[in-house]
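Enquirer:
Chains as they are written, first to last, in our numbering: chain A, 787 to 918; chain B, 787 to 918; chain C, 787 to 918; chain D, 787 to 918.
1. Taking contact to mean 3 or more Cβ pairs, one atom from each stretch, closer than 8 Å, check whether the stretch 854 to 861 of chain D and the stretch 811 to 819 of chain D are in contact.
2. Which residue wins for smallest C-alpha separation from residue 867 (chain B), given the options B:824, B:916 and B:908?
3. Could you please give the first and the last residue of the uninterrupted beta strand (DSSP E) stretch that includes residue 814 (chain D)?
4. Could you check which residue in B:906, B:845 and B:883 has the C-alpha nearest to that of residue 838 (chain B)?
5. Residue 839 (chain D) bridges to which residues according to DSSP?
6. Once DSSP output is grouped into helix, strand and coil, what is the label at residue 799 (chain B)?
7. Could you check which residue in C:833, C:842, C:822 and C:804 has the C-alpha nearest to that of residue 894 (chain C)?
8. For residue 848 (chain B), which beta-bridge partners are listed by DSSP?
9. Would you say residue 807 (chain B) reaches chain G, if we count a Cβ-Cβ gap shorter than 8 Å as a contact?
10. Output the distance between the C-alpha atoms of residue 912 (chain D) and residue 800 (chain B), rounded to the nearest integer angstrom.
11. For residue 823 (chain C), I'd like the list of residues in its chain whose CB is within less than 8 Å of its CB, leaving aside the five on either flank, ordered along the chain.
12. Listed in chain order, which residues of the stretch 840 to 864 of chain B have Cβ atoms closer than 9 Å to some Cβ of chain A?
13. Under three-state DSSP, which class holds residue 901 (chain B)?
14. Using a Cβ-Cβ cut-off of less than 7 Å, give me the residues of the stretch 800 to 826 of chain A that come near chain D, in sequence order.
15. Does DSSP classify residue 870 (chain A) as helix, strand or coil?
16. Using only the alpha-carbon positions, how far apart do residue 787 (chain D) and residue 865 (chain D) sit?
17. Taking the beta strand (DSSP E) that residue 792 (chain C) falls in, what are its first and last residues?
18. Which class does residue 832 (chain D) belong to by DSSP, given the choice of helix, strand or coil?
19. At the level of alpha carbons, what is the spacing between residue 810 (chain A) and residue 798 (chain D)?
20. Is the CB-CB distance between residue 875 (chain A) and residue 891 (chain A) below 8 Å?
21. With distances taken between CB atoms, is the gap from residue 903 (chain A) to residue 897 (chain A) smaller than 8 Å?
22. For residue 912 (chain A), which three-state DSSP category applies?
23. DSSP has residue 878 (chain C) in a bridge; who is on the other side?
24. Examine chain D for any beta-carbon lying closer than 8 Å to the beta-carbon of residue 797 (chain A), and answer yes or no.
25. Assuming contact is defined by CB atoms lying nearer than 8 Å, are residue 802 (chain C) and residue 802 (chain B) in contact in what I supplied?
26. Could you tell me whether the Cβ atoms of residue 901 (chain D) and residue 814 (chain D) are closer together than 8 Å?
27. With the cut-off set at 8 Å, would you say residue 812 (chain C) and residue 873 (chain C) are in Cβ contact?
28. When you compare the CB positions of residue 857 (chain D) and residue 795 (chain D), do they come within less than 8 Å of one another, or not?
29. Between A:871, A:918, A:869 and A:853, which has its C-alpha nearest residue 793 (chain A)'s C-alpha?
30. From this set, A:851, A:805 and A:806, which residue's C-alpha is nearest residue 882 (chain A)'s C-alpha?
31. Using a 10 Å radius around the Cβ and a threshold of 16 neighbouring Cβ atoms, would you call residue 908 (chain C) buried or exposed?
32. Using the rule of at least 16 other Cβ atoms within 10 Å of the residue's Cβ for burial, across every protein chain shown, is residue 832 (chain D) buried or exposed?
33. So, for residue 805 (chain D): in the same chain, excluding its five sequence neighbours on each side, which residues have a beta-carbon less than 8 Å away from its beta-carbon?
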């Protein structure tokens, strides 16, 4: 299942080239991942309150086209892989149905000591699994 | 040749986990790439003035350990690959000689129309070539 | 006339206190000012293309309450003062109709040399004038 | 007593005007305030660990001149006012001894419930008092 969210590029997210700075896309992807967690009923506030965390372990990103102030961007997020402790999401940023950025983001669950650990059952939700 | 630069983590670069947000490392790597360009005598202001640009086409990043406010980070940058239009840099962020982040960053030169193009001779400097 | 726009707080805009970092509100206010310019038919892209710029000369901001991830914020912008070269906008950020941030932002028009100068007639739009 | 710290403007801190975005100066001032706290022996990590916080309640900032990538900026911080719960700092950003930004920042101490409260004795250090 692909989760979608929409955002609009803002002026301060652009650098002296006049386009969105390469780091800002990681902000966009983070925003989309939190919308994805909501969509799959992963209770993130409760997760954090219980002392757990999710970190980005690895990220690959292809910058295909630039984005500019006011561009309306759609971000698609879907699970690609899933293990007990970590998984990978495929994320795609589109403008007018054209892919401008594609990324693979590997996340890992950590426990209260910051050590990678299994996702507790309450948060090991089906939506984290890739569809087959 | 490995170019090094140093920076110190600042509080506003950290998110609600209390550690540096994953997007911020891309800012750090960008800073290090500009220091690298200076070190290899790539005249970036002249390059921009002539209407050219360098964009990040692709990036892979491994987040091994977290960084915190006041951490002194050393960033190493060295060329890995080089073509006529693009190349890849290997970048590493260390704290106390321990690698905390590693990345491969593929850059591409664009001309005044924003089209990928060969680096003009004046900027096709030796330091962009990997050592063999 | 008060112009309104809405945005939602994102996780990466929050710092280690878990609330929106004080600098980020200036990003929000900038976004709202650009929406304000559109609403009053100030053609900003044409303005920039003609070589002009608008800078923030002075800003006063009252931080009344904190904002958190997912908060829906309404930003109101209205002109307070207007001269030939500069003016002041009153901006207010509300959550559930409660004011959480209030600011006065003084802007100045600069010409192609970066010198403060009169707004050219094409951009000296009525919406920049406070209502009386 | 005036505390000083130095930083260098980085490319990603600049927007499409090619100069430092107005919000970024608040990041710079935050950095300088934390250096100030260290200089006056305010143990900030212990303060946070004890459950307290310091928030910015009010800020006035004068943007006099622009700053550009690679500019070396000196930030001066000195106390202007001090009460039991809050105080005001005067901060100045200089380039080559020329003032480019000046600000007054009012801070407030909050307790573990986020309610403004007196600074606990351990952190009510002399350096927070203006000299007279």
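Don't be surprised by glycine CBs; every beta carbon is placed ideally from N, CA and C.
Expert: From the atom records:
1. Yes: at least three Cβ pairs fall under 8 Å.
2. As a position in the second chain, residue 867 (chain B) is number 81, starting the count at 1. Residue B:916 is the option with its Cα nearest to residue 867 (chain B).
3. Looking up residue 814 (chain D) in the fourth chain gives position 28. Under the DSSP assignment, residue 814 (chain D) falls outside any beta strand (DSSP E), being part of the alpha helix (DSSP H) whose first and last residues are 810 to 825.
4. Along the second chain, read from residue 1 onward, the residue named residue 838 (chain B) stands at position 52. Answer by Cα proximity: B:906.
5. If you number the fourth chain from 1, residue 839 (chain D) lands on position 53. DSSP output for residue 839 (chain D) lists D:896 as bridge partner(s).
6. Taking the second chain and counting its residues from 1, the one referred to as residue 799 (chain B) is at position 13. Collapsing the DSSP output to three states places residue 799 (chain B) in a helix.
7. Sequence index remark: in the third chain, residue 894 (chain C) carries index 108 (1-based). The option with the nearest alpha carbon to residue 894 (chain C) is C:842.
8. Here residue 848 (chain B) is taken as the residue at index 62 of the second chain, counted from 1. Among the bridge pairs identified by DSSP, residue 848 (chain B) is matched with A:844 and B:888.
9. No chain G appears in the structure shown, which is made up of the protein chains A, B, C and D.
10. Your numbering for residue 912 (chain D) matches position 126 in the fourth chain. Your numbering for residue 800 (chain B) matches position 14 in the second chain. Rounded to the nearest whole angstrom, the CA to CA distance from residue 912 (chain D) to residue 800 (chain B) is 29 Å.
11. Position 37 of the third chain, counting from 1, holds the residue named residue 823 (chain C). Here the set comprises 830.
12. Those would be 841, 842, 843, 844, 845, 846, 847, 848, 849, 850 and 852, in chain order.
13. Here residue 901 (chain B) is taken as the residue at index 115 of the second chain, counted from 1. Of the three classes helix, strand and coil, the one that applies to residue 901 (chain B) here is coil, per DSSP.
14. For the stretch 800 to 826 of chain A, which is checked against every Cβ of chain D, the residues closer than 7 Å are 800, 801, 802, 804, 807 and 809.
15. Looking up residue 870 (chain A) in the first chain gives position 84. The answer is coil: DSSP assigns residue 870 (chain A) none of H, G, I, E or B.
16. Along the fourth chain, one-based indexing puts residue 787 (chain D) at 1. Along the fourth chain, one-based indexing puts residue 865 (chain D) at 79. Taking C-alpha positions only, residue 787 (chain D) is separated from residue 865 (chain D) by approximately 8 Å.
17. For the purposes of this step, residue 792 (chain C) is identified with residue 6 of the third chain, where counting begins at 1. In the DSSP assignment, residue 792 (chain C) falls within the unbroken beta strand (DSSP E) covering 789 to 794.
18. Counted from its first residue, the fourth chain places residue 832 (chain D) at position 46. DSSP, read as helix, strand or coil, puts residue 832 (chain D) in helix.
19. Taking the first chain and counting its residues from 1, the one referred to as residue 810 (chain A) is at position 24. Taking the fourth chain and counting its residues from 1, the one referred to as residue 798 (chain D) is at position 12. When rounded, the separation of the alpha-carbon atoms in residue 810 (chain A) and residue 798 (chain D) is 10 Å.
20. Taking the first residue of the first chain as position 1, residue 875 (chain A) is located at position 89. Taking the first residue of the first chain as position 1, residue 891 (chain A) is located at position 105. Yes. Within cutoff.
21. Translated into positions along the first chain, residue 903 (chain A) becomes position 117. Translated into positions along the first chain, residue 897 (chain A) becomes position 111. Result yes, Cβ atoms of residue 903 (chain A) and residue 897 (chain A) sit closer than 8 Å.
22. Numbered from its first residue, the first chain carries residue 912 (chain A) at position 126. When secondary structure is reduced to three states using DSSP, residue 912 (chain A) falls in the helix class.
23. Position 92 of the third chain, counted from the first residue, corresponds to residue 878 (chain C). Looking at the DSSP assignment, residue 878 (chain C) forms a beta bridge with C:862 and C:888.
24. Numbered from 1 along the first chain, position 11 holds the residue referred to as residue 797 (chain A). Residue 797 (chain A) counts as touching chain D.
25. The residue you call residue 802 (chain C) lines up with position 16 of the third chain. The residue you call residue 802 (chain B) lines up with position 16 of the second chain. A contact, by the Cβ cut-off of 8 Å.
26. For the purposes of this step, residue 901 (chain D) is taken as the residue at position 115 of the fourth chain. For the purposes of this step, residue 814 (chain D) is taken as the residue at position 28 of the fourth chain. Not a contact, by the Cβ cut-off of 8 Å.
27. Taking the third chain and counting its residues from 1, the one referred to as residue 812 (chain C) is at position 26. Taking the third chain and counting its residues from 1, the one referred to as residue 873 (chain C) is at position 87. Not a contact, by the Cβ cut-off of 8 Å.
28. For the purposes of this step, residue 857 (chain D) is taken as the residue at position 71 of the fourth chain. For the purposes of this step, residue 795 (chain D) is taken as the residue at position 9 of the fourth chain. Between residue 857 (chain D) and residue 795 (chain D), the CB-CB gap stays under 8 Å.
29. Numbered from its first residue, the first chain carries residue 793 (chain A) at position 7. Nearest C-alpha to residue 793 (chain A): A:853.
30. Indexing the first chain from 1 puts residue 882 (chain A) at position 96. Out of A:851, A:805 and A:806, A:851 has the C-alpha closest to the C-alpha of residue 882 (chain A).
31. As a working mapping, residue 908 (chain C) is identified with position 122 in the third chain. Exposed is the call here.
32. Here the question's residue 832 (chain D) lines up with position 46 in the fourth chain. Result: exposed.
33. Translated into positions along the fourth chain, residue 805 (chain D) becomes position 19. Around residue 805 (chain D): 852, 853 and 854.
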